[in-house]
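Reading through the structure tokens given below for one structure.
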Amino acid sequence: MHLAALHTPSQIQLNNDGNLKHFLTIEGLSKATLTKILDTAHSFINDQNQLITTPLLEGRTVMNLFFENSTRTRTTFEAAAKRLSANVLNIDIARSSTSKGETLRDTLWNLEAMAADIFVVRHSSSGAAHFIAETVCPHVAIINAGDGRHAHPTQAMLDMLTIRRETEKNFEDISLAIIGDIKHSRVARSDIAALQTLGCKDIRVIAPNTLLPCGFDEYGEGVRLFNKMDEGIKDCDVIITLRIQNERIDSPALSSQAEFYKMYGLNKDRLAMAKPDCIVMHPGPMNRGVEIDSSIADGAQSVILHQVTNGIAVRMAVLALAMQGQLQEKGLLEAIAV
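Heads up: the sequence shown is residues 13 to 350, going by my numbering.
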């Protein structure tokens with residue numbers, strides 16, 4: 013897949029009015045755009061902290077195209093689309109015509125011809141969603157549900173919504189630590205980009221050197237590296253733990269999982285070094301006893317299950333906003349109003 017000739021993320025993701033029409037990556041989007049996603053997602057949660065149902069996408073068709081395995085992401089996208097009253101089709105890629113030699117382009121063009129309005133795409137190749145949005149199906153709203161090591165933008169936004177709702181602090185005033193496999197994590201990349209765009213000035217990355225990307229300086233201002241866990245989490249407001257992405261590691265990056273837990277596992281003693289009201293997050297799936305102790309995952313400071321609920325609200329927001337942006341570009345302004 014040759015991506016060099018593709019436009020920049022901001023060019024392809026926004027319509028002529030500057031509104032979202034695809035959601036491919038956090039990079040290139042403004043603080044105002046991210047805030048609009050958060051505000052829209054918040055509007056889908058009522059005063060009892062329950063998700064609402066709305067007819068915003070009634071009559072529209074959302075197709076989930078997952079070329080990689082997923083439980084939470086695919087299921088929450090399906091739940092989000094149904095709460096927007098959309099028709100939802102989960103395409104079984106393993107049994108699709110791509111397994112018979114059909115190209116990805118032809119598969120997508122056929123699905124587009126079946127009146128698809130939105131494709132939710134997860135793919136092992138970095139840049140796949142961008143490629144589809146620009147060169148294959150530009151008139152279908154493309155939502156990136158994770159592409160290789162590159163990006164997981166809806167996970168980042170549900171993390172931002174969780175931080176905003178649980179801490180009730182401005183992002184400028186938050187100290188946050190991300191612990192674990194940074195090198196292979198699209199979540200870490202997207203979280204850092206979102207935090208920087210929203211104004212967070214104290215982002216701490218905690219990992220052994222073997223789990224850090226080459227050229228760490230590319231993360232930019234406000235991001236600090238710590239190899240020692242105790243130093244990195246001191247006085248944090250938010251801790252995000254990440255699993256080791258064994259499926260993306262070509263050669264062993266650690267001596268053992270037990271050694272990783274000893275050096276970087278989040279337990280009670282280490283959590284005590286953060287602020288007393290520090291919240292603990294994890295994008296899932298969790299490996300208990302590796303990156304996080306069960307007493308923390310299930311403890312009072314854990315908001316991991318809240319992330320799942322917030323994920324539905326964020327995905328509702330992204331689906332609705334991208335559909336609105338596509339319709340604006342086509343001159344169909346009367347169709348929906350988010």
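No residue lacks a Cβ here, since even glycine has one placed at the ideal position from N, Cα and C.
Here the structure is a predicted model, which is why all the values come from computation and not from measurement.
Can you have a look at Ala141 and say buried or exposed, based on whether 16 or more other CB atoms are within 10 angstroms of its CB?
Along the sequence shown, read from residue 1 onward, the residue named residue 141 stands at position 129. By the neighbour-count rule (16 or more Cβ atoms within 10 Å), Ala141 is buried.
With distances taken Cα to Cα, identify the nearest neighbour of Ala325 among Val74, Asn81, Arg95.
Numbered from its first residue, the sequence shown carries residue 325 at position 313. Across the set Val74, Asn81, Arg95, the C-alpha of Arg95 shows the shortest separation from the C-alpha of Ala325.
What does the Cβ neighbour count give for His162, buried or exposed, with the cut at 16 atoms within 10 Å?
Taking the first residue of the sequence shown as position 1, residue 162 is located at position 150. Burial call: buried.
Do Ser314 and Val292 count as a contact pair if the criterion is CB distance below 7 Å?
Within the sequence shown, the letter at position 280 stands for residue 292. Within the sequence shown, the letter at position 302 stands for residue 314. Yes, these two residues count as a Cβ contact at 7 Å.
The alpha helix (DSSP H) that contains Val326, what's its start and end?
Residue mapping note: residue 326 aligns to position 314 of the sequence shown, counting from 1. For Val326, the enclosing alpha helix (DSSP H) begins and ends at 316 to 341.
Beta-carbon contacts of Lys195 that lie in its chain and below 7 Å, excluding the five residues immediately before and after
Here residue 195 corresponds to residue number 183 of the sequence shown, with the count starting at 1. Closer than 7 Å at the Cβ level, and outside the excluded window around Lys195, lie Leu223, Leu224, Pro225.
Close Cβ partners of Asn58 (< 8 Å) along its chain, the five nearest in sequence each way excluded:
On the sequence shown, position 46 is the one that residue 58 refers to. In its chain, beyond the 5 residues on either side, Ile64 have a beta carbon closer than 8 Å to the beta carbon of Asn58.
Could you have a look at Thr119 and say whether DSSP puts it in helix, strand or coil?
The residue labelled residue 119 in the question sits at position 107 within the sequence shown. In this structure, Thr119 counts as helix in the three-state DSSP scheme.
Using the Cα positions of Ser187 and Ile204, report the straight-line distance between them to the nearest angstrom.
The residue you call residue 187 lines up with position 175 of the sequence shown. The residue you call residue 204 lines up with position 192 of the sequence shown. One alpha carbon belongs to Ser187, the other to Ile204, and they sit about 12 Å apart.
Using beta-carbon positions only, say whether Ile144 and Ile154 come within less than 7 Å of one another.
Along the sequence shown, read from residue 1 onward, the residue named residue 144 stands at position 132. Along the sequence shown, read from residue 1 onward, the residue named residue 154 stands at position 142. Yes, the pair counts as a contact, with Cβ atoms nearer than the cut-off.
According to DSSP, is His135 helix, strand or coil?
Along the sequence shown, one-based indexing puts residue 135 at 123. The answer is strand: DSSP assigns His135 an E or B state.
Is Arg72 helix, strand or coil by DSSP?
By 1-based counting over the sequence shown, the position of residue 72 is 60. Here Arg72 sits in coil by DSSP.
How many Å lie between Lys287 and Glu114 at the Cα?
In the sequence shown, the residue the question calls residue 287 occupies position 275. In the sequence shown, the residue the question calls residue 114 occupies position 102. Glu114 has its alpha-carbon roughly 54 Å from the corresponding atom of Lys287.
Are the beta-carbon atoms belonging to Ile215 and Gly234 less than 7 Å from one another?
As a working note, residue 215 is residue 203 in the sequence shown. As a working note, residue 234 is residue 222 in the sequence shown. Against a cut-off of 7 Å, the Cβ pair of Gly234 and Ile215 comes out as a contact.
Taking its Cβ as the centre, do 16 or more other Cβ atoms sit within 10 Å of Pro295, making it buried, or is it exposed?
Stepping through the sequence shown from its first residue, residue 295 is reached at position 283. Its Cβ being crowded by 16 or more others within 10 Å, Pro295 is buried.
In whole angstroms, give me the CA-to-CA distance for Leu32 and Arg327.
For this step, residue 32 is matched to residue 20 along the sequence shown. For this step, residue 327 is matched to residue 315 along the sequence shown. If you take the alpha carbons of Leu32 and Arg327, they lie about 13 Å apart.
In this structure, does DSSP put Ser197 in helix, strand or coil?
On the sequence shown, residue 197 is found 185 positions in, with the first residue counted as 1. Three-state DSSP puts Ser197 in coil, outside helix and strand.
Is the separation between the beta-carbon of Ser136 and that of Gly158 shorter than 7 Å?
Against the sequence shown, residue 136 aligns to sequence position 124. Against the sequence shown, residue 158 aligns to sequence position 146. No.
Might you give, ordered along the chain, the residues of its own chain that have their beta carbon closer than 7 Å to the beta carbon of Ala334, omitting 5 neighbours on each side?
By one-based count along the sequence shown, residue 334 stands at place 322. Here the set comprises Leu32, Lys33, His34, Phe35, Ile130, Ala153, Ile155.
Which whole runs of the beta strand (DSSP E) in the segment 219 to 303 are 3 residues long or more, in chain order?
Within the segment 219 to 303, the complete beta strand (DSSP E) segments at least 3 residues long are 235 to 238, 250 to 253, 291 to 293, listed from N- to C-terminus.
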